[in-house]
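Just so you know, we're using the UniProt record's numbering here: the sequence shown kicks off at 1 and counts up by one.
A quick write-up on the structure given underneath.
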Amino acid sequence: MRAPGEARRSEILEILINAKEPVSGSELSRKLGVSRQVIVTDIALLRANHPDLIATSAGYVMIKSSSICRIFKVNHTDEQTEDELNIMVELGGTVVDVYVEHKVYGTISAPLNIKCRRDVENFINDLKSGVSTPLKNITKGYHYHTVEARSTEILDEIQHKLEERKYLIEAVDFKSVYQAKNYSKC
1 MRAPGEARRS EILEILINAK EPVSGSELSR KLGVSRQVIV TDIALLRANH PDLIATSAGY
61 VMIKSSSICR IFKVNHTDEQ TEDELNIMVE LGGTVVDVYV EHKVYGTISA PLNIKCRRDV
121 ENFINDLKSG VSTPLKNITK GYHYHTVEAR STEILDEIQH KLEERKYLIE AVDFKSVYQA
181 KNYSKC
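What follows is the structure, given as structure tokens:
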């Protein structure tokens, strides 16, 4: 017989795997009859073995294994951020996250889950609100995006367009970067 926490975490995985959209921590806590803090702890434990479980501003998401990911290292101005993100979503990609490699603090990342022009517009409006600046600004504009798509061809198109706009520094197959860390996000 499974321990209650183990059974609950199994149920969380099942809910997230079958979800069509992000599931909030509050929703999981209501469905499972536990506090939000218990859910946060369960998610942390699950992520240790399921790096395909990501947190977004809208809730938790399991990245579907039928998709492919590529990491794009890019550099551009603040004014070009909207163009960069629109390239990715207009060609069929989802911008899963943004991260920087800081010489002192190491990897600093933030989930984005940007899938369409409206998501890009909302993100840009949040940046323009003046509360925060883009993460890339702490590393002289250099930053990375994990981009998910249904096919290698879509990722190739995105890569080509980023190269054409002179934003791309390098592109790396997601699996080659994360296999060394035993991740299987995509």
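Quick reminder that beta carbons are idealized off the backbone N, C-alpha and C, glycines included.
Note that the structure is a prediction, hence the values are computed from the model and not measured.
Roughly how many whole angstroms lie between the Cα atoms of residue i and residue j?
{"i": "residue 183", "j": "residue 132", "result": "With a pLDDT of 44 at residue 183, under the threshold of 50, the modelled position of this residue cannot be trusted; read the value that follows with caution. Cα to Cα, residue 183 sits roughly 30 Å from residue 132."}
{"i": "residue 146", "j": "residue 14", "result": "24 Å"}
{"i": "residue 154", "j": "residue 94", "result": "11 Å"}
{"i": "residue 163", "j": "residue 87", "result": "11 Å"}
{"i": "residue 30", "j": "residue 97", "result": "28 Å"}
{"i": "residue 74", "j": "residue 18", "result": "33 Å"}
{"i": "residue 6", "j": "residue 139", "result": "40 Å"}
{"i": "residue 49", "j": "residue 108", "result": "20 Å"}
{"i": "residue 23", "j": "residue 72", "result": "27 Å"}
{"i": "residue 137", "j": "residue 169", "result": "16 Å"}
{"i": "residue 78", "j": "residue 141", "result": "8 Å"}
{"i": "residue 106", "j": "residue 61", "result": "25 Å"}
{"i": "residue 59", "j": "residue 28", "result": "10 Å"}
{"i": "residue 102", "j": "residue 80", "result": "22 Å"}
{"i": "residue 128", "j": "residue 116", "result": "19 Å"}
Between residue i and the rest of its own chain, which residues show a CB-CB distance below 6 Å, the 5 nearest in sequence each way excluded?
{"i": "residue 55", "result": "111"}
{"i": "residue 92", "result": "149, 154"}
{"i": "residue 172", "result": "71"}
Within this structure, are the beta carbons of residue i and residue j separated by less than 7 Å?
{"i": "residue 45", "j": "residue 100", "result": "no"}
{"i": "residue 144", "j": "residue 76", "result": "no"}
{"i": "residue 195", "j": "residue 52", "result": "Residue 195 is absent from the model: the chain starts at 1 and stops at 186."}
Which residues in the same chain have their Cβ closer than 7 Å to the Cβ of residue i, if we skip the five residues on either side of it in sequence?
{"i": "residue 11", "result": "32"}
Leaving aside the five residues before and after residue i along the sequence, list all residues of the same chain whose C-beta is less than 8 Å from its C-beta, in chain order.
{"i": "residue 152", "result": "68"}
{"i": "residue 120", "result": "82, 85, 86, 89, 114"}
Task: Segment contact, 8 Å Cβ cut-off, at least three pairs: the segment 122 to 141 with the segment 29 to 40 - done: Touching, no.
- [ ] At 3 residues or longer, and completely inside the UniProt domain "Helix-turn-helix type 11" (8 to 60): list those beta strand (DSSP E) runs for me, N to C.
- [x] 53 to 56
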